[in-house]
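Below you'll find the structure, written out as structure tokens, and then a few comments.
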Amino acid sequence: MVTAAPRDCGAMGSRLRLLQAVDTEYTADSVEWCPLDGCRHLLACGTYQLQKPEDKSGLDMDEPQVRLGRLYLYSFSEDSSACPLVEIQRRDTSAILDMKWCHIPVAGHALLGAADAGGSIELLRLVGSEWNAPTLLLSSCCVLEEHCLALSLDWSTGGTSRDSDQSLKIVSSDSKGQLHLLQVEDAGLRAAATWQAHRFEAWVAAFNYWQTEIVYSGGDDGLLKGWDTRTPGSPVFSSERHSMGVCSIRNSPHQEGVLATGSYDEHVLLWDTRNMEQPFADLPTQGGVWRLRWHPRQQHLLLAACMHGGFTIFNCQKAVEEKQDICTVSVSHKLPNSLVYGADWSWLTSRRLPQTQPALPVGSSLLSDPGAQTAEAANNLKVGSQLLGLPTFDPLAGHDGETCSKPQSGAKGRPSFQPLTEDTILSSSPGTKIYDCDSYLETANLDSSLLATCSFYNHTLHLWKWDSR
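Counting in our numbering, the sequence shown runs from 158 upward without gaps.
Structure representation (structure tokens):
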């Protein structure tokens, strides 16, 4: 059972505010805040675009489609209320299907993993200097298989560094229905195991963060499966509880045994991993669920990217604590003419928003976490320093207070938006209100959270602030 937030959300003190919208040019499907202390002001956004030939005559219809992508890196600053996100890097690449930051530093650096349409998993290392802004550099690449798309990836660290004494692993899924287990080693990525998991696309693969030998997968065949990577020949379980393709899986980093799954069937299911016969809660949404993210601090909040249904924030406290089918929709917001594919919580706290970062010596790490070296030593990991490629850098034009409030009309066919004003208050489903971004800077509130979403069709990255009480 799901209960909606009251219509007069202001009476409860819960408000969702749009701070900024950025035109990503290509359709955007993945957005990830860096979880590492000292880098939490950084936000990565991945895009996916099918190249459309201008003249179809004479084309070989069997020729594979060209899928273009671009990786953006943004820096968030509290000092700029009109435009808090500033682009600091863009890197053209194959179309990006999924991205995730490693939750522990590797050799003193933050690492971003990306799954792309070329069938590759790339590791990008974050570096900085006293002259340049933070930059992601290609550090290692592993081709999963030819003529397939890498659809997802997950780090064994998940939302914690609980398993820092174990080797660092990545699990990935592809368009041929396969899962791939990769080992992160000194020389880069090494393929450890590959097995057939689903008859059609394996949309998602994810670790059990509390027992990292166990991974989960979801496929277009509608099946949710569990696997022991030590003996991956047959699944530990296989569930048909979802009625359509399973495309999102997220183990809770806060509470052992809690697993969330989402599907094209427009339902989020909550499971007790000790008993995968039936979920203990069923949360209907208004769209297919492509991404799920647990809040990094408020352990019962679950953010869902629901495609044409926008995004939803569920409060799962009673469901998780009492294993009852009772959840509350704190926020449900639809975005017109868009499919929300990416959503993520910021790890920043409202009383620790970043100021200007100090200059760093050449080649130094961006991490200020005093425990970074300890984590590095515990993992005994170092991604190879031999760089395989350099990103291109081309700052976006028009990053001023007027143009960055909303994307402006561009090429023919792109939507045109009006700038936000104090009179622009949008209401959608119960519990949703959008306010002008000028009201962003206010008294710090520990119940405030930053989140980002990104969407297809309108190729837009949105930055939001949510006051839960």
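All residues carry an ideal CB built from backbone N, CA and C; glycine is no exception.
Asked	Found
Cβ contact check for the stretch 341-359 and the stretch 282-292: 3 or more pairs under 8 Å	no
Proximity winner among Ala264, Leu338, Ala417 and Glu423, relative to Gln435 (alpha-carbon distances)	Ala417
Check whether Leu230 and Ile245 have beta carbons under 8 Å apart	yes
For Asp557, the three-state DSSP class (helix, strand or coil)	Any reading at Asp557 must be qualified, since the residue scores a pLDDT of 32, below 50, and its modelled position is unreliable; the value itself is stated next. Correct three-state label for Asp557: coil.
Three-state class that DSSP yields for Val415 in the structure shown	strand
7 Å CB neighbourhood of Phe357 in its chain, flanking five on each side removed	Gly334, Gly376, Asp377 and Asp378
Buried or exposed (CB count within 10 angstroms, at least 16 for buried), Phe468	buried
Beta-carbon gap between Val263 and Ser277 smaller than 8 Å	no
Local conformation of Val446 per DSSP, three classes	coil
Cβ separation of Ala462 and Trp451, assumed to be a contact under 8 Å, to the nearest whole Å	That belief does not hold up - the Cβ atoms of Ala462 and Trp451 are roughly 13 Å apart, past 8 Å.
Same chain, Cβ closer than 7 Å to Leu207, neighbours up to 5 away in sequence not counted	Gln222 and Arg224
Uninterrupted beta strand (DSSP E) stretches inside the stretch 177-258 (no shorter than 3 residues)	184-190, 199-207, 224-233, 242-251 and 253-258
Selection from Pro392, Ser420 and Ala185 that minimises the alpha carbon distance to Met401	Ser420
Distance between Gly445 and Thr386 (C-alpha atoms, nearest Å)	29 Å
Any alpha helix (DSSP H) of 4 or more consecutive residues that is wholly inside the stretch 450-481	474-479
Proximity of Val361 and Leu380 at Cβ, strictly below 8 Å	no
Short Cβ contact (8 Å threshold) for His355 with Trp312	no
Which listed residue (Asn432, Asp422, Lys382 and His399) has its alpha carbon closest to that of Val415	Asn432
Residue nearest to Asp273 in terms of C-alpha spacing, selected from Thr204, Arg247, Asp236 and Ser503	Thr204
Burial state of Pro493, where buried means 16 or more other Cβ atoms lie within 10 Å	exposed
Inter-residue Cα distance where the pair is Ala178 and Ser612	11 Å
Residue nearest to Ala290 in terms of C-alpha spacing, selected from Ser251, Trp367 and Arg247	Arg247
For Leu269, the nearest candidate out of Pro410, Ala359 and Leu200 (CA to CA)	Leu200
Alpha carbon of Trp621 to alpha carbon of Cys240, nearest angstrom	12 Å
8 Å Cβ cutoff met for Leu607 and Thr181	no
When Leu175, Ser395 and Pro389 are compared against Leu242, the one with the closest alpha-carbon	Leu175
For Leu440 and Cys484, believed in contact at Cβ under 8 Å, the rounded distance	5 Å
Pair within 8 Å by beta-carbon distance, Leu310 and Lys257	yes
Where His355 falls: helix, strand or coil (DSSP)	coil
Contacting residues, own chain, Cβ-Cβ under 6 Å from Glu302 (five flanking each side not counted)	Gly276
Local Cβ density within 10 Å of Arg454, reported as buried at 16 or more and exposed below that	exposed
C-alpha gap between Thr388 and Ile371, whole angstroms	10 Å
Cut-off 7 Å between Cβ atoms - residues of its own chain near Gln412, not counting five sequence neighbours on either side	Gln456 and Val477
For Leu510, the three-state DSSP class (helix, strand or coil)	Its pLDDT being 44, under 50, Leu510 is placed unreliably in this model, and the coordinates cannot settle the point.
Unbroken beta strand (DSSP E) run spanning Gln435, endpoints	First-last for Gln435: undefined, no H or E at that position.
First and last residue of the uninterrupted beta strand (DSSP E) at His266	First-last for His266: undefined, no H or E at that position.
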